[in-house]
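Written below as structure tokens is the structure these notes are about.
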């Protein structure tokens, strides 16, 4: 009886190995380079330029505010000896309030939920969604089991150019969206 069970196990393992090896060999793989795709989309480049321009504008705005705070502080230090207690407290409070305002503006512009992130979601996210949708369509049409992203942190030690579907994705986006 034990030999029969051992034989049954062996046959099951052999059949399972056979089916697994058959199903793995039937799967198709491809890869794309999303950096390459995005760099070749005018929409993405113009959106990225808008974001960069806004970032520079808002950074200059903050630098001006911090420059004014620095000027207030230097003036306060220079005049501190001549000021009454009430005037000194008022000036200190003014400087503190300006610093708080500047930090709040910095958070509003560059924080995790700030204006810059909102602008990225508005301008860049739709383009990334188009890329994802085009990749998904190509995967379905070509019956690919997996499509890797060459530009991500995924390590690709070798990639055969014939499996690069980046140009197909780029073409699909330019023609369909």
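Numbering (our numbering), first residue to last: 4 to 180.
Just so it is clear, CB atoms sit at the ideal spot from N, CA and C, and this is done for glycine as well.
Could you give the DSSP three-state label for residue 127: helix, strand or coil?
coil
Per DSSP, what are the beta-bridge partners of residue 34 in this structure?
151 and 167
Can you find the residues in the same chain that come closer than 7 Å, C-beta to C-beta, to residue 172, ignoring five residues on each side of it along the sequence?
Once the five neighbours on either side are set aside, the close Cβ partners of residue 172 are 35, 40, 134, 137, 138 and 141.
Mind checking which residues open and close the alpha helix (DSSP H) that includes residue 106?
88-113
Between 174, 61 and 123, which lies nearest to residue 47 when the distance is taken from Cα to Cα?
For the residues 174, 61 and 123, the minimum Cα distance to residue 47 belongs to 123.
Under the rule that 16 or more other beta-carbon atoms within 10 Å means buried, what is residue 92, buried or exposed?
exposed
Where do the ends of the alpha helix (DSSP H) carrying residue 2 lie?
What is shown of the chain runs 4 to 180, which leaves residue 2 out entirely.
Considering only their Cβ atoms, is the gap separating residue 54 from residue 126 smaller than 8 Å?
yes
Please report the distance separating the alpha-carbon of residue 7 from that of residue 148.
In this prediction, residue 7 has a pLDDT of 43, which is less than 50 and means its spatial position is unreliable; what the coordinates show is noted afterwards. Rounded to the nearest angstrom, the two C-alpha atoms are 38 Å apart.
Could you name the residues of the same chain whose beta carbon sits closer than 7 Å to that of residue 43, not counting the 5 residues immediately before and after it, in chain order?
Counting only Cβ-Cβ distances below 7 Å, and skipping sequence neighbours, we find 173.
Rounded to the nearest angstrom, what separates residue 167 and residue 105 at their Cα positions?
48 Å
Can you tell me which of 30, 38, 65 and 90 puts its alpha carbon nearest to the alpha carbon of residue 102?
65
With a threshold of 8 Å between beta-carbons, can residue 61 be considered close to chain C, or not?
Protein chain content of the structure displayed is limited to a single chain, and chain C is not contained in it.
What whole-angstrom Cβ distance do residue 146 and residue 31 have, given they're in contact under 8 Å?
6 Å
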